[in-house]
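*Asks:* Handing you a structure now.
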Amino acid sequence: MKRISSATIDEINKRVNMVEIVGEYTRLEQRGSNWWGCCPFHNEKTPSFNITPESNLFYCFGCGQSGSVITFIMEMEKLSFVEAVETLARKTGVEVIYEGTPDGTETPRDNTRELLMELYSRVAGSFHYILDKTPQGEKARRYLESRKVAPEIIEKFQLGFAPEDRRWLFQFLKKKDILPNFL
Ligand SMILES: [Zn+2]
Numbered sequence: 085m086k087r088i089s090s091a092t093i094d095e096i097n098k099r100v101n102m103v104e105i106v107g108e109y110t111r112l113e114q115r116g117s118n119w120w121g122c123c124p125f126h127n128e129k130t131p132s133f134n135i136t137p138e139s140n141l142f143y144c145f146g147c148g149q150s151g152s153v154i155t156f157i158m159e160m161e162k163l164s165f166v167e168a169v170e171t172l173a174r175k176t177g178v179e180v181i182y183e184g185t186p187d188g189t190e191t192p193r194d195n196t197r198e199l200l201m202e203l204y205s206r207v208a209g210s211f212h213y214i215l216d217k218t219p220q221g222e223k224a225r226r227y228l229e230s231r232k233v234a235p236e237i238i239e240k241f242q243l244g245f246a247p248e249d250r251r252w253l254f255q256f257l258k259k260k261d262i263l264p265n266f267l
């Protein structure tokens, strides 16, 4: 198994224009600092697919798909992690550096950090959605209104509302095929 150096991935993340990459699959429009479009992962007529360009992350409020520019390409093109990074490297003109262990045997890349970052963005996105769009979040929305927290602030800091049910998050993430061990 080929292992790609983290410097290569950092360089891609620095150079990539996620809006341009995703724009090849769906039409995007800027609203505030984020970009919105109809989700390429599910059928919809009103845009609920959102990109945060500074972090190269996406989140769909409709179907819950979320991740980085790399996972986006993996899902869209049905590629492995390495193939997706190679594709993005070509598009951004980054040279891919592979790494092995000193004795020449190769080990799978440890992508725990990446998976954790994705998990966080997914959880934050879900709580934000509950606050913003569901009846459950109503009381919290009114509270924020009473504290004069502007909608742009709620959006910018991805403020969210966590349901009272303590098991909710675990059940929700298990349904998204995230292993209980990892959680
Ligand atoms: Zn979607």
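Numbering (this note's numbering), first residue to last: 85 to 267.
Note that beta-carbon positions come from the ideal geometry of N, C-alpha and C, so glycine has one too.
#1: Closer than 8 Å to a non-hydrogen atom of ligand 1 - does that hold for the CB of glycine 209?
#2: For isoleucine 238 versus leucine 228, is the C-beta spacing smaller than 9 Å?
#3: What did DSSP end up calling glycine 221 once you bin it into helix, strand or coil?
#4: Comparing C-alpha positions only, which one of Lys98, Glu128, Leu112 sits nearest to isoleucine 139?
#5: Given this structure, state the Cα-to-Cα distance separating arginine 231 from cysteine 123, to the nearest angstrom.
#6: Would you call the segment 126 to 143 and the segment 194 to 214 in contact, with 3 or more CB pairs under 8 Å?
#7: Is serine 132 near ligand 1, going by C-beta to nearest heavy atom under 8 Å?
#8: Going along the chain, which unbroken runs of the beta strand (DSSP E) with 3 or more residues stay wholly within the segment 120 to 199?
#9: How would you call asparagine 134, buried or exposed, if buried means at least 16 neighbouring beta carbons within 10 angstroms?
#10: Can you tell me whether glutamine 149 is buried or exposed? The criterion is at least 16 other CB atoms within 10 Å of its CB, across all chains shown.
#11: Between which two residues does the alpha helix (DSSP H) containing glutamate 104 stretch?
#12: Examine ligand 1 and report whether any of its heavy atoms sits within less than 8 Å of the Cβ of glutamate 128.
#13: Excluding sequence positions up to five away, which residues of its chain have a Cβ less than 6 Å from the Cβ of alanine 246?
#14: For ligand 1, is there a heavy atom less than 8 Å away from the beta-carbon of glutamine 149?
#15: When the Cα atoms are used, what is the spatial distance from glutamine 255 to glutamate 248?
#16: Just how far apart, CA to CA, sit leucine 172 and phenylalanine 241?
*Replies:* According to the structure shown:
#1: no
#2: Contact flag set, yes.
#3: helix
#4: The sequence shown places serine at residue 139, rather than the isoleucine named in the question. Taking only the C-alpha atoms, the option nearest serine 139 is Lys98.
#5: Those two C-alpha atoms are separated by around 33 Å.
#6: yes
#7: yes
#8: 133 to 136, 141 to 144, 150 to 152
#9: buried
#10: buried
#11: 102 to 107
#12: yes
#13: Phe211
#14: yes
#15: 13 Å
#16: Between the C-alpha atoms of leucine 172 and phenylalanine 241 there is a straight-line separation of about 28 Å.
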